[in-house]
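J.: Below is one structure. I have some questions about it.
There are 2 protein chains.
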Amino acid sequence: MALDLAAIRAAHDRIRSYIHRTPVLTSERLDNAAGGSLFFKCDNFQKVGAFKARGATNAVFALDEKTASRGVATHSSGNHAAALSRAAKLRGIPAHIVMPSNSAKVKVRAVEGYGGKIIFCEPNERAREETCSRVIGETGATLIHPFENENVMAGQGTIMVELLQDISDLDMVLCPVGGGGLLSGVAVAAKTLRPSIRVIATEPAGAADAAESFRGKKLVRLDHKNTIADGLRTNLGVPNFAVVRDYVDEIVVVSEESIIAAMRAIWETMKIVIEPSAAVVYAAILEKKVEPRGKRVGLILTGGNVDLDALPWTKN
Amino acid sequence: MALDLAAIRAAHDRIRSYIHRTPVLTSERLDNAAGGSLFFKCDNFQKVGAFKARGATNAVFALDEKTASRGVATHSSGNHAAALSRAAKLRGIPAHIVMPSNSAKVKVRAVEGYGGKIIFCEPNERAREETCSRVIGETGATLIHPFENENVMAGQGTIMVELLQDISDLDMVLCPVGGGGLLSGVAVAAKTLRPSIRVIATEPAGAADAAESFRGKKLVRLDHKNTIADGLRTNLGVPNFAVVRDYVDEIVVVSEESIIAAMRAIWETMKIVIEPSAAVVYAAILEKKVEPRGKRVGLILTGGNVDLDALPWTKN
């Protein structure tokens, strides 16, 4: 299977009844400030509070009956873990979630709430991968990687199909990039459905491996990431880089200060809760890294899962 | 003019092009917790971030040309002041806003941002009323009271017309009560359009003058109000009490603790920003002051203007 529009459309048919058709919101005030027309695709309202519900659901429901019956596994501790647990529960199969023993309680509870079986491991990458391999060996479960998986990528691409169904004449679309699962799907859907569209990825300056890889035309990995946008601390994946290289026009980086200002501006003006990782797209506009003037701009808001006890503008 | 459905429909025709048709949102998770179907009418997404845009716009556009040309005035410092400033600007007339000299800067900026002319006064009720009278005497402006005004009440009632247009078969509707401008309009619209509906007002226990007035069938005023729900610290108005007495089925009171828990639950689950005054309706469900089980329940979310630097769950 290749990641193409047909795969994304098949994903959409497969998952449609399990996910929300999320709204596209606009704000006259933010339009006036930008001098263009901004269309926010709100997957902060998606099931599990993030776009991850799309890819995980597609990956789970794409499995054949026999493979599915042995369950699925992953070693994410964030939104993908919750999304995979939910999708497995919907299909009536087990989800094995390997999480570091120091995971935040709120994340543990989210996974448990969706019925995921948690296996704790030491908080380092080797332990996570070894534990995950062991679980897969013991159970026969299928690994559903959070982004290096074409069914996941195709599922994430459904967000762009919906956005273009609602707003067909976009000049550009802004999309966050972490591992690149979302960006891959969005870029393929966008460029296939509307070849004239500019696809611009936005990344925190403190985790700018994708921007560096894109510029150097060679996949680089950074070991130390420093950003509040916790969903974007991941390094760009291998199959994802291949798609990004071919389908994305530009990757811009934004500062922590702009991410926080963008998050706050969207909460205050649009009255919606978005997480820091979702704020990077509007941060690019605040920083004038893209030029929205006179343009119709899509912005992918990826999620709304925030710890309300630790907001970035609150002094501790 | 009487406050009736015809007045509310006329208000709707008058203001429709100046306000948002706000969405009705639902949450599977909150439905499961409540055991009923909850329909949240989201005027936190309204212009100026609150339902107040409805009543103020109706009052301003209902004025005849000559009266309007002399401007409007009020002595609110909250959402009504912003809403009146915006409505006056839309009509091209001045809005004189009397505000106490110790008003929060964010409120001053909001009024200025919508073009209101601010007249500061000493921070006490006498100074506010004297200053307002003086301004009206000097300018010939029309006082637009935030709730003791039938055009304001009719404008606020449009929120219920929209809610019943979207969800026609509600069993009950929950509505906050402060001065009673919103509640008057909502109750008249609800009972006229759907006589079987139960209209339940919700009020903070720390500002329970409306509940006491309703119970004793006599309007009482409380001098000291103690609640985080700053929009509900006002005493119930005189014409408002007359409507409430005739059209409202019940007034329930909720604790500060429930208001904060309700606000937080809605932010976390629905990913929308609502102010404490809006949270009292869901607080009534959390406190089991109403029984939603098996029922279809409308909840009026009144606004989303919150100081993000002073959230109620943040320790200072």
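In order, the protein sequence lines correspond to chains A and B. If you want this note's numbering, it's the position in the first sequence, counting the first as 1, plus 24. If you want this note's numbering, it's the position in the second sequence, counting the first as 1, plus 24. Positions of the beta carbon are idealized from the N, C-alpha and C atoms, including for glycine.
Within 10 angstroms of the Cβ of B/H99, are there 16 or more other Cβ atoms? Answer buried if so, exposed if not.
T.: As a working note, residue 99 of chain B is residue 75 in the second sequence. Counting Cβ neighbours within 10 Å, B/H99 comes out buried, since at least 16 surround it.
J.: Taking the alpha helix (DSSP H) that B/E186 falls in, what are its first and last residues?
T.: As a position in the second sequence, residue 186 of chain B is number 162, starting the count at 1. Unbroken alpha helix (DSSP H) run through B/E186: 174-190.
J.: Three Cβ pairs or more, each shorter than 8 Å: is that satisfied between the stretch 288-295 of chain A and the stretch 43-52 of chain B?
T.: They do not touch, by the three-pair rule.
J.: Report the residue from B/H120, B/Q180, B/N103 whose alpha carbon sits nearest the alpha carbon of B/D28.
T.: The count along the second sequence starts at 1 and reaches residue 28 of chain B at position 4. The residue with the shortest Cα to Cα distance from B/D28 is B/Q180.
J.: Can you give me the Cβ contacts of B/A35 inside the same chain, cut-off strictly under 6 Å, excluding the 5 residues immediately before and after it?
T.: By 1-based counting over the second sequence, the position of residue 35 of chain B is 11. Cβ within range, chain order: N82, A178, G179, T182.
J.: At which residues does the beta strand (DSSP E) containing B/F144 begin and terminate?
T.: On the second sequence, residue 144 of chain B is found 120 positions in, with the first residue counted as 1. Its beta strand (DSSP E) spans residues 141-145.
J.: Considering Cα atoms alone, identify which of B/V330, B/V297, B/G140, B/K312 is closest to B/V1.
T.: Only positions 25 to 340 of chain B appear in this structure, which leaves residue 1 of chain B out of reach.
J.: Is any beta-carbon of chain B found at less than 8 Å from that of A/G73?
T.: To locate residue 73 of chain A, count along the first sequence from 1; it is residue 49. So, interface residue.
J.: B/T3 versus chain A: which residues are under 9 Å apart at the beta carbon?
T.: This structure leaves residue 3 of chain B out entirely; chain B is present only between 25 and 340.
J.: So, does the CB of A/L323 fall closer than 8 Å to a CB anywhere in chain B?
T.: Within the first sequence, the letter at position 299 stands for residue 323 of chain A. Output row for A/L323: interface = no.
J.: State the DSSP-derived secondary structure class of B/R222, mapped to helix, strand or coil.
T.: For the purposes of this step, residue 222 of chain B is identified with residue 198 of the second sequence, where counting begins at 1. Strand at B/R222.
J.: So what's A/V278 in DSSP terms, helix, strand or just coil?
T.: Counting from 1 along the first sequence, the entry for residue 278 of chain A is found at position 254. Strand.
J.: By the 10 Å Cβ neighbour count, where 16 or more other Cβ atoms means buried, how is A/E299 classified, buried or exposed?
T.: As a working mapping, residue 299 of chain A is identified with position 275 in the first sequence. It is buried - the Cβ of A/E299 has at least 16 other Cβ atoms within 10 Å.
J.: Mind pulling the chain A residues with CB within less than 7 Å of B/K295?
T.: Taking the first residue of the second sequence as position 1, residue 295 of chain B is located at position 271. Within chain A, the residues near B/K295 are N68, F69, G73, I296, V297, G328.
J.: Shortest alpha-carbon distance to B/S41 belongs to which of B/R115, B/E89, B/P219?
T.: Position 17 of the second sequence, counting from 1, holds the residue named residue 41 of chain B. Per the Cα distances, B/R115.
J.: What distance in whole Å lies between the Cβ atoms of A/V223 and A/Y271, which are believed to be in contact at a cut-off of 8 Å?
T.: Sequence index remark: in the first sequence, residue 271 of chain A carries index 247 (1-based). Sequence index remark: in the first sequence, residue 223 of chain A carries index 199 (1-based). Rounded, the Cβ-Cβ distance is 6 Å, consistent with contact.
J.: Would you report the Cα separation of B/K242 and A/F64, rounded to the nearest angstrom?
T.: As a working mapping, residue 242 of chain B is identified with position 218 in the second sequence. As a working mapping, residue 64 of chain A is identified with position 40 in the first sequence. Spanning the two alpha carbons is a distance of roughly 49 Å.
J.: Would you please state the rounded distance, in angstroms, between the beta carbons of B/V268 and B/L187? I believe it to be under 8 Å.
T.: Sequence index remark: in the second sequence, residue 268 of chain B carries index 244 (1-based). Sequence index remark: in the second sequence, residue 187 of chain B carries index 163 (1-based). Rounded, the Cβ-Cβ distance is 19 Å, inconsistent with contact.
J.: Taking all protein chains shown into account, do 16 or more other C-beta atoms lie within 10 angstroms of the C-beta of A/Q70, making it buried, or fewer, making it exposed?
T.: Here residue 70 of chain A refers to the residue found at position 46 of the first sequence. When all chains shown are included, A/Q70 counts as buried.
J.: Report all residues from its chain with a CB closer than 6 Å to the CB of B/P316; omit the five preceding and five following residues, and keep chain order.
T.: Here residue 316 of chain B refers to the residue found at position 292 of the second sequence. Cβ neighbours of B/P316 beyond the five flanking positions: A58, G60, I309.
J.: Are the C-beta atoms of A/T81 and some chain D residue less than 8 Å apart?
T.: No chain D appears in this structure, whose protein chains are A and B.
J.: Specify whether the stretch 163-170 of chain B and the stretch 94-114 of chain B touch according to this definition: at least 3 beta carbon pairs, one from each stretch, less than 8 Å apart.
T.: With the cut-off at 8 Å, the stretch 163-170 of chain B and the stretch 94-114 of chain B touch.
J.: Please name the residue, chosen from A/E227, A/S220, A/N329, A/D195, that lies closest to A/K319 on a Cα-to-Cα basis.
T.: The residue you call residue 319 of chain A lines up with position 295 of the first sequence. Cα-wise, what sits closest to A/K319 is A/D195.
J.: Between which two residues does the beta strand (DSSP E) holding A/S61 run?
T.: Here residue 61 of chain A is taken as the residue at index 37 of the first sequence, counted from 1. Looking at the DSSP string, the run of the beta strand (DSSP E) that includes A/S61 is 61-66.
J.: How is B/V122 classed by DSSP in three states: helix, strand or coil?
T.: Against the second sequence, residue 122 of chain B aligns to sequence position 98. Here B/V122 sits in strand by DSSP.
J.: Where B/E154 and B/A285 are concerned, what is the direct C-alpha to C-alpha distance, given to the nearest angstrom?
T.: Here residue 154 of chain B corresponds to residue number 130 of the second sequence, with the count starting at 1. Here residue 285 of chain B corresponds to residue number 261 of the second sequence, with the count starting at 1. Looking at the two C-alpha atoms, the distance is approximately 40 Å.
J.: Drop a sphere of 10 angstroms on the beta-carbon of A/S248, count the other beta-carbons inside from all chains shown, and report buried for 16 or more, exposed for fewer.
T.: Reading the first sequence from its first residue, position 224 is the one you call residue 248 of chain A. Checking the sequence, you will find His at residue 248 of chain A rather than Ser. So A/H248 counts as exposed.
J.: Based on Cα-Cα distance, which residue from A/N126, A/V72, A/E52 lies nearest to A/G328?
T.: For this step, residue 328 of chain A is matched to residue 304 along the first sequence. With distances taken between Cα atoms, A/G328 lies closest to A/V72.
J.: Are the C-beta of B/E280 and some C-beta of chain A separated by less than 8 Å?
T.: Along the second sequence, read from residue 1 onward, the residue named residue 280 of chain B stands at position 256. It does not: the Cβ of B/E280 has no partner Cβ on chain A nearer than 8 Å.
J.: To which residues does DSSP link A/G322 through a beta bridge?
T.: Looking up residue 322 of chain A in the first sequence gives position 298. A/G322 pairs with A/F63, A/V197.
J.: Taking CB distances under 8 Å as the criterion, tell me whether B/D254 reaches chain A.
T.: To locate residue 254 of chain B, count along the second sequence from 1; it is residue 230. No, B/D254 lies away from the interface with chain A (no Cβ there is under 8 Å from its Cβ).
J.: Taking buried to mean at least 16 other C-beta atoms within 10 Å of its own C-beta, is B/N56 buried or exposed?
T.: Against the second sequence, residue 56 of chain B aligns to sequence position 32. Per the 10 Å Cβ criterion, exposed.
J.: What are the uninterrupted segments assigned as beta strand (DSSP E) that are 3 or more residues long and contained completely in the stretch 28-104 of chain A, given in chain order?
T.: For the stretch 28-104 of chain A, whole beta strand (DSSP E) runs of length 3 or above, ordered along the chain, are 61-66, 96-98.
J.: Return the residue from the list B/S279, B/A235, B/I252 that minimises the CA-CA distance to B/L335.
T.: As a working note, residue 335 of chain B is residue 311 in the second sequence. Measuring from the Cα of B/L335, the nearest candidate turns out to be B/I252.
J.: Name the two residues that bound the continuous alpha helix (DSSP H) containing A/V272.
T.: Taking the first sequence and counting its residues from 1, the one referred to as residue 272 of chain A is at position 248. A/V272 -> no alpha helix (DSSP H), and no H or E assigned at all.
J.: When DSSP labels each residue in this structure, what does A/I296 get in the three-state scheme?
T.: Numbered from 1 along the first sequence, position 272 holds the residue referred to as residue 296 of chain A. Three-state DSSP puts A/I296 in a strand.
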